[in-house]
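Participant: If you read the sequence shown in the numbering used here, its first letter stands for residue 2, the second for the next number, and so on. No residue lacks a Cβ here, since even glycine has one placed at the ideal position from N, Cα and C. This is the structure I want to talk about, given as structure tokens.
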Amino acid sequence: NRHMNYYMARGRAIRWVISLFDNIEDLVSENDRRCDVDDEVAETTFDQDRLQIGYIAFTTSMRWFIGKASEMDYSKYLQMLKAGADGARGDDTSKLKTLIAEWVNREFKPDPPVDPDDKHSRGFINDACGRLLCPAELDWSNPVVRAGIRDRSDGYIVTDLSFPTFLYEKYTTNPEDLEEGLFKGKILIQGYKAVFTSPSSAKDIEGDGDGLDVIQNNRHARRSSCELKVKKHVAQIINMEKVTARSITYIVCQVRFALSSVTSWRAFDGDFDYVQFWQTVVDFFERPPGRDAWRRVDRLLKWCTRCAT
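Structure, rendered in structure tokens:
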């Protein structure tokens with residue numbers, strides 16, 4: 002019914018900008034826990050801080066939640082939000098399954114090409130997908146590395162502890178500085194645009210950082226809508242005016258999944274733990290070690306905003 006569809010639509014933003022895996026109940030519980038303790042003496046863990054940041058993102062993007070939740074059954078309300086959240090994730094997974102194949106085929110021209118409808122031929126058995134999934138510290142062009150990864154040999158087991166090559170600018174890493182070019186990979190930016198603006202806009206990505214700022218983009222769209230009725234994209238619908246740590250992390254996980262051979266969404270892909278991976282990437286942006294690292298992260302997110310939106 003219309004009432005249910007309305008709240009499910011509201012819930013779609015949860016996986017995008019709040020948390021890909023955490024339940025809203027866990028975010029609320031962490032905030033309640035903090036309200037019950039003395040802030041001056043309480044020590045918190047990384048996991049607790051991550052939940053609290055998620056709670057802040059939740060209340061910021063859904064300010065209406067607290068008032069509405071008191072008017073109706075709490076669990077039923079959360080159930081509708083969760084249905085909307087998981088529905089959005091599923092829609093994006095399906096969309097990127099096809100688009101990733103198209104982009105990989107266009108750029109790498111694998112023979113045979115990646116089948117947009119079949120994931121069994123992806124992952125490390127596919128040279129093009131394998132190159133993009135390969136841990137940054139390893140050289141996919143080395144036959145020993147390729148064989149080791151495919152055979153899951155000691156020293157070559159791919160886990161969530163490594164950043165995949167597709168995250169890097171020009172899919173190239175500097176062994177002396179694994180942060181150089183990180184989160185500037187072309188296919189990552191294409192994925193972001195495909196989900197948050199439109200699939201057609203993803204075709205224009207050059208990866209050089211010359212894209213328009215999302216704020217200017219949204220203002221232009223609002224002006225255009227006065228002259229012609231146009232469909233809003235996701236970033237406009239949820240009033241997201243810049244790339245955020247959690248929105249880019251969401252796309253990181255979605256692109257990684259699209260390149261893999263796993264056919265249905267789940268938290269584990271062999272030795273690769275998507276929950277831990279999501280947390281690692283979020284922490285990279287939200288808990289950089291020191292002032293210089295904070296500045297680098299801030300510059301990176303601004304670059305992503307210019308380039309991806």
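How many Å lie between G131 and D33 at the Cα?
Facilitator: Here the question's residue 131 lines up with position 130 in the sequence shown. Here the question's residue 33 lines up with position 32 in the sequence shown. Approximately 44 Å between the Cα atoms of the pair.
Participant: Using C-beta distances below 7 Å, list every residue in its chain close to T94, excluding the 5 sequence neighbours before and after it, in chain order.
Facilitator: One-based indexing of the sequence shown puts residue 94 at position 93. Once the five neighbours on either side are set aside, the close Cβ partners of T94 are Q255, F258, W266.
Participant: Which same chain residues, not among the five before or five after G182, have their C-beta less than 6 Å away from its C-beta?
Facilitator: Residue 182 sits at position 181 when you count from the first residue of the sequence shown. So the qualifying residues of the chain are Y169, E170.
Participant: Does DSSP classify N175 as helix, strand or coil?
Facilitator: Within the sequence shown, the letter at position 174 stands for residue 175. Three-state DSSP puts N175 in a strand.
Participant: With DSSP collapsed to three states, give me the class of L162.
Facilitator: Stepping through the sequence shown from its first residue, residue 162 is reached at position 161. In this structure, L162 counts as coil in the three-state DSSP scheme.
Participant: Would you say Y251 and L21 are within 7 Å of each other, going by their C-beta atoms?
Facilitator: As a first step, residue 251 must be located in the sequence shown, where it is residue number 250. As a first step, residue 21 must be located in the sequence shown, where it is residue number 20. Result yes, Cβ atoms of Y251 and L21 sit closer than 7 Å.
Participant: Going residue by residue through the segment 43 to 83, where are the continuous alpha helix (DSSP H) segments of at least 4 residues, counting only ones entirely within it?
Facilitator: As far as the segment 43 to 83 is concerned, its whole alpha helix (DSSP H) runs of at least 4 residues are 47 to 62, 66 to 70.
Participant: Rounded to whole angstroms, what's the CA-CA distance from W304 to A246? Just pull it up for me.
Facilitator: For this step, residue 304 is matched to residue 303 along the sequence shown. For this step, residue 246 is matched to residue 245 along the sequence shown. Going by the C-alpha atoms only, they are around 12 Å apart.
Participant: Would you mind working out which of I150, E26, A268 sits nearest I126, comparing C-alpha positions?
Facilitator: By one-based count along the sequence shown, residue 126 stands at place 125. Residue I150 is the option with its Cα nearest to I126.
Participant: Do M5 and G85 have their C-beta atoms closer together than 7 Å?
Facilitator: Walking along the sequence shown from the start, residue 5 turns up at place 4. Walking along the sequence shown from the start, residue 85 turns up at place 84. The answer is no: Cβ separation not under 7 Å.
Participant: Please report the distance separating the alpha-carbon of S76 from that of C308.
Facilitator: As a working mapping, residue 76 is identified with position 75 in the sequence shown. As a working mapping, residue 308 is identified with position 307 in the sequence shown. If I take the Cα positions, the gap works out to 40 Å.
Participant: Whole angstroms is fine: what's the gap from E26's alpha carbon to R296's?
Facilitator: Position 25 of the sequence shown, counted from the first residue, corresponds to residue 26. Position 295 of the sequence shown, counted from the first residue, corresponds to residue 296. Going from the Cα of E26 to the Cα of R296 covers about 33 Å.
Participant: Between which two residues does the alpha helix (DSSP H) holding S30 run?
Facilitator: Numbered from its first residue, the sequence shown carries residue 30 at position 29. That run of the alpha helix (DSSP H) goes 25 to 36.
Participant: Please confirm if the segment 279 to 289 is in contact with the segment 139 to 150, defined as three or more CB-CB distances below 8 Å between the two stretches.
Facilitator: Output reads no: the segment 139 to 150 does not touch the segment 279 to 289.
Participant: Looking only at its own chain, which residues have a Cβ that is under 8 Å from the Cβ of D270, when we skip the five neighbours before and after it?
Facilitator: One-based indexing of the sequence shown puts residue 270 at position 269. The residues are F258, S261, V263.
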